[in-house]
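Heads up: the structure comes next, in structure tokens.
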Amino acid sequence: MNNDKILFIYTGGTIGSWPTPQGYVPKHGFDALIDQQLGDAAHEALGNYDLVELDELLDSSNIQPNDWTRLAEMVVRRYEDYSGFVILHGTDTMAYSASALSFMLRGLTKPVILTGAQIPLSQPRTDAVRNLLDAVHYARHSALHEVAICFGGRLIRGNRATKAHTSALQAFDSPNFPLLSEAGIQPLPVSSNLPEQPLRFMLPSKPSRVAQLALYPGIIDEQIDAVLNNPDIAAVVLQTFGAGNPPDRNQHLMNRLAEANQRGVIVVNSTLCHGGPVVQGTYATGARLKALNVISGQDMTLEAAFCKLHYLLGRNLPTQEVRELMGQSLAGEITLAED
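Structure, rendered in structure tokens:
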């Protein structure tokens, strides 16, 4: 264990919210809230830390891709000053932020942990105290060298996490990858098979136009056109049925996919299912997408596929290189045959 100082980065979210007539709203002064709400023993367990807050606190539903870059920059600027980082974040888009950070902060030599709460720290029955203490435990874990979500007693690789429940205290799941650890009475050892790689902080240099299109029975042409016929969109995560199957009798959809491919739009196939990989070609309908140059998302979460596209396109890489990298595991987001 490394008992050096850690840095809390408070972005807003439920964990630091207070009730108002309009509902819960995040407020500044999280350090004072910790002092007020945590007992002496819990406060002592946090150990030595500093805390910084975003100038404008955010409900995580309002977080934008440029905020991911801003969080990465905050870690990069202070990287040599702390032994670990805990980002306090709202739950709604936490898996997106964790995925994005995992690509921008590759080759970490120390933990970057995201956590939050379903019940504010200011309220009775809050789950924030446990999440804070667990996150700090793992942020001081010298064997953890990646971005992870610590929530509800679970430690999950950041780009493998998805929010699975609106109100349960175990709000996040890792449908296609084992948990890194569980924090019971005695926290289990961290199990991370992330291959070692050089420390590389590679932040996007420009905003990217990435969209999502979720298919459903009877999807209307206008919705398809709004995404696939939009000249400003560079990439699309297409959410399909089962193992990656579209309604291939929908000729309008097939035509728009073909036209998008001709324009150089990158389309990644992601399943609407909670778990399991996309396997294009298992059924004839899925094979149609492969013929249209659609990239299999394999077992990436929707959040990981979306953020990976943002990251790669934001680095001004050639389209073909982006296509190739989408099929490779950059930060443990894909289960490859040798994994």
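The opening residue of the sequence shown carries number 1397 in my numbering; numbering runs sequentially from there.
Every residue gets a Cβ at the ideal spot worked out from N, C-alpha and C, and that includes glycine.
Since the structure is predicted, the reported quantities are computational estimates derived from the model, not experimental observations.
Under 6 angstroms Cβ to Cβ from T1697, same chain only, skipping five residues before and after it: list those, please. On the sequence shown, residue 1697 is found 301 positions in, with the first residue counted as 1. Contacts found: T1558.
Residue range of the unbroken alpha helix (DSSP H) whose run includes Q1619: Reading the sequence shown from its first residue, position 223 is the one you call residue 1619. That run of the alpha helix (DSSP H) goes D1617 to L1624.
Just reading off the beta strand (DSSP E) that T1636 is part of, what are its end residues? For this step, residue 1636 is matched to residue 240 along the sequence shown. First-last of the beta strand (DSSP E) with T1636: A1631 to T1636.
Let me make sure I understand the geometry here. Which of I1430, T1487, R1556 and L1595 has the alpha-carbon closest to that of L1529? Taking the sequence shown and counting its residues from 1, one reaches residue 1529 at position 133. Of the candidates I1430, T1487, R1556 and L1595, the one whose C-alpha sits nearest the C-alpha of L1529 is I1430.
Check each candidate in G1425, G1409 and D1427 and name the one with the smallest Cα separation from G1419. Here the question's residue 1419 lines up with position 23 in the sequence shown. Comparing Cα-Cα distances from G1419 to each of G1425, G1409 and D1427, the minimum goes to G1409.
For the 8 angstroms Cβ check, are there 3 or more pairs between the segment 1700–1711 and the segment 1657–1675? yes
Let's test the definition: count the other Cβ atoms within 10 Å of the Cβ of E1392 and tell me whether it reaches 16, buried, or not, exposed. The structure shown does not extend to residue 1392, since the chain is modelled only from 1397 through 1735, so no value can be given for it.
Just mark T1489 as buried or exposed, buried being the case when its beta carbon has 16 or more other beta carbons within 10 Å. Taking the sequence shown and counting its residues from 1, the one referred to as residue 1489 is at position 93. Buried: at least 16 other Cβ atoms inside 10 Å.
Would you call the segment 1630–1648 and the segment 1667–1678 in contact, with 3 or more CB pairs under 8 angstroms? yes
Three-way DSSP call (helix, strand, coil) for D1735 in this model: Taking the sequence shown and counting its residues from 1, one reaches residue 1735 at position 339. Only weak support exists for where D1735 lies, its pLDDT of 43 falling under 50; the coordinates are left without a value.
Can at least three beta-carbon pairs, one atom from the segment 1711–1720 and one from the segment 1671–1688, be found at a separation below 8 angstroms? no
Quick check on N1398: does DSSP put it in helix, strand or coil? Locating residue 1398 in the sequence shown gives position 2, where the first residue counts as 1. Unreliable positioning characterises N1398 in this predicted model, as indicated by a pLDDT of 45, which lies under 50. The coordinate reading is nonetheless provided below. Coil.
List, from N- to C-terminal side, the alpha helix (DSSP H) runs of 4 residues or more that fit wholly inside the segment 1524–1593. 1524–1535
Straight-line Cα distance separating E1452 from T1522: Locating residue 1522 in the sequence shown gives position 126, where the first residue counts as 1. Locating residue 1452 in the sequence shown gives position 56, where the first residue counts as 1. Going from the Cα of T1522 to the Cα of E1452 covers about 24 angstroms.
May I ask you to report which of helix, strand or coil DSSP gives Y1679? Here the question's residue 1679 lines up with position 283 in the sequence shown. Three-state result, Y1679: coil.
For a minimum of 4 consecutive residues, which ranges assigned as the alpha helix (DSSP H) are wholly contained in the segment 1420–1472? 1426–1433 and 1436–1442
Contact the segment 1481–1497 vs the segment 1535–1547: 3+ CB pairs below 8 angstroms: yes
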